[in-house]
Structures are given as C-alpha cells and as structure tokens.
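According to the numbering used here, the sequence shown is numbered sequentially starting from 1. First the structure, in the form of structure tokens, and then the observations on it.
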Amino acid sequence: MINGRLEGKVCLITGGARGQGEAEARLFRSEGGSVWITDVLDETGEHLAKEIGAEYRHLDVSQETEWTHLMDAIIAVHGRIDVLINNAGIFRRNKLVHTPLEEYETVMAINARGVFLGMRAVAPHMLAAGRGSIVNISSLAGLRGAMGAFAYGASKWAVRGMTKTAAVEFARSGVRANSIHPGLIETPMADQLGGNLDKMSKRTPLGRMADAAEVARLALFLASDESSYSTGSEFIIDGGLNAL
Ligand SMILES: NC(=O)c1ccc[n+]([C@@H]2O[C@H](COP(=O)([O-])OP(=O)(O)OC[C@H]3O[C@@H](n4cnc5c(N)ncnc54)[C@H](O)[C@@H]3O)[C@@H](O)[C@H]2O)c1
C-alpha cells in the first residue's frame, strides 16, 4: 500500500541487498520513494531491485571513484538526491590485542571511511538544493565499549562523531544528519555472533531480537520530513539493552 511518506524523494541506500538495507529499500518503495539500492552483492541486489521497482548499482562504499560514478548516474536521472542511508557495514570479532592492522583498516575503510565518502558525495547536491536527510547506521557499539570487537566499536563511534559534526556543519542549509544505534537485529550479520546471540537475545529487556523491518520504520521517520526538527541526534533501537 502506498502511503506516500517519501513521495517525490530520491533515496540512496548502501548495503541494500539484504538485511536492514533490504528492509529499508522495501519500505521506502512502498512509501513512494525512488530508491537506489547499492551493494557489493550484485546478484542479490539486482534481484531485489527488480522485484520492488528500484534501481540497483554496484558500490563498494570504501571506494571514492565508485561514489563519484554513482552520484553522476543518480543526478543524470533525477537531478537530485534527497535521502542517503549509510547502512553498509561489516562486523569482525577480535579484542584489541588480537586485531591485525589489516583487519582494523578493512573495518574502518567500510564502516567509517564509507560513511565519510557517502556524506561527502551527496552533500554538495543537498546543500545546493537546501534540503536532504542523511541517516548513518551506527550501533549500540557506537555508544559504549564493544566487548571483544575493537575495530567494529571504533568504527561505529566514528560514525556517531561524523554524524554530529556533519549535522552542525549542514544545519543552516536545511540538510539534516542523524545516527541510528541498533541493538540485536535479525540479519546475516547477527549470525556472526555465534553462541553469544542466544545469550544476548535473552538479556535484552524485550526478550528478543528485532526484525529488520522495525529498524526500517525508524529510518523512514528520519528520512522523511516528519523528523524535521531532528539533527545531530542518536536514535537507539535496541529492545531496552541500553537501559540496563
Ligand atoms: N544486525 C545487527 O545486530 C546490527 C546491530 C547494530 C548495527 N548493525 C549495523 O547495521 C548495518 C546493516 O547491517 P545488517 O545487520 O543488515 O547486516 P548484513 O550483513 O545483512 O548487511 C550488510 C550489507 O552491507 C553490505 N556490504 C558489506 N561490505 C560492503 C562494502 N564494502 N560496500 C557496500 N556494501 C557492503 C553487505 O553485502 C550487506 O548487504 C551495518 O552497518 C551494521 O554494522 C547491525
């Protein structure tokens, strides 16, 4: 059913082939948005885009030139970009003392540099138009210490910091930036928690993980004009874990 909460808006979702990005792509389409799904999982992304009537493009978020090509394509078609969901991310489990430099660099390149490149790619278009909403997917690990996942935690704090810094830079130009901090969300990434998954799920005050669609509804609010007075803020969606 089309409710039109994103009617007329051009939305770009990174890491949109599966998981939370997929849920956002589905919801944003159903709300009337023009959706560009990007990912490195090309077959899955193409298939999803075809199913829901979206565009798909390959984009490794850590690669500067790929962002340039993507923005050229979006501007050539629509002449505008209204929403960026910086959702792509990877998880690696390692304590600081066991984290190889290469692993640290890879996690930072995708989770943090990717968010910087994404915001920098869309910002000139949004600022020129005097409108736009950027939603960066951080984590509960960007609000507290991430036990046993040093590089991941560092990258998610970087996302939180970049969001606030961009938000104050853009605020007077009509462009907003906010971060989402999910707890345990049922996606392929959560499977990487292995044995801890069940334990953490039970520890969560609501007693369960979230469905990716529950995060998508928060992303929709932040993407839409309904959140017009929110910028530079952290939106926690964690079943109460943060309250413990
Ligand atoms: N699942 C959770 O419990 C949880 C909790 C907190 C935060 N998050 C964050 O939510 C976001 C979405 O994760 P998810 O749970 O849907 O996991 P997921 O692994 O299902 O999805 C991540 C997507 O990012 C894509 N991706 C990976 N590397 C990429 C790259 N270099 N360029 C472009 N795309 C790339 C993957 O192909 C995948 O489609 C991530 O930023 C993650 O860190 C997840």
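Backbone N, C-alpha and C fix where the C-beta goes; we use that ideal spot for every residue, glycine too.
Given the structure, does residue i come close to ligand 2, in the sense that its CB is under 7 Å from one of the ligand's heavy atoms?
i, result
"Val40", "In the structure shown, ligand 2 is absent; the only ligands present are ligand 1."
Just to confirm my understanding: we take residue i, look at its own chain, exclude 5 residues before and 5 after, and list those with CB closer than 8 Å. What are they?
i, result
"Leu220", "Arg5, Leu6, Glu24, Leu27, Phe28, Glu31"
"Ala190", "Leu184, Leu197, Met209"
"Ala243", "Pro205"
"Ser227", "Ser133, Arg176, Asn178, Phe221"
"Leu96", "Phe150"
"Glu46", "Tyr56"
Is the closest heavy atom of ligand 1 to the C-beta of residue i under 7 Å?
i, result
"Ile237", "no"
"Pro188", "yes"
"Arg93", "no"
"Leu140", "yes"
Using 8 Å for Cβ pairs, my map puts residue i next to residue j. What's the rounded Cβ distance?
i, j, result
"Met108", "Ala166", "Not a contact, Cβ separation roughly 18 Å."
"Ser230", "Arg172", "Contact flag wrong, Cβ pair sits at about 16 Å."
"Ile134", "Leu84", "5 Å"
Straight-line CA distance for residue i to residue j?
i, j, result
"Ala216", "Ser34", "16 Å"
"Gly240", "Glu66", "38 Å"
"Asn94", "Ala88", "20 Å"
"Lys50", "Gly19", "17 Å"
"Met119", "Gly195", "35 Å"
"Tyr104", "Cys11", "30 Å"
"Asp72", "Val122", "10 Å"
"Ala141", "Phe170", "25 Å"
"Val61", "Ser138", "15 Å"
"Ala213", "Ile236", "15 Å"
"Arg92", "Pro188", "13 Å"
By Cβ distance, which residues of its chain are closer than 7 Å to residue i, with the 5 residues on each side in sequence left out?
i, result
"Ser248", "The chain is shown from 1 up to 244; residue 248 falls before or after that span and cannot be answered."
"Val115", "Asn86, Asn136, Val159, Met162"
"His224", "Here the sequence assigns Ser to residue 224, which means His is not the residue at that position. Here the set comprises Arg5, Leu6."
If the criterion is Cβ atoms closer than 8 Å, does the pair residue i and residue j meet it?
i, j, result
"Ile37", "Ile75", "no"
"Gly130", "Asp82", "no"
"Ile79", "Val168", "Ile is not the amino acid found at residue 79; the sequence shown has Gly there. Against a cut-off of 8 Å, the Cβ pair of Val168 and Gly79 comes out as no contact."
"Asp39", "Gly16", "yes"
Within the same chain, show all residues whose beta-carbon is closer than 6 Å to that of residue i, passing over the 5 residues directly before and after it, in chain order.
i, result
"Leu143", "His181"
"Met1", "Bear in mind that the predicted position of Met1 carries a pLDDT of just 48, short of 50, making it too unreliable to give a figure here."
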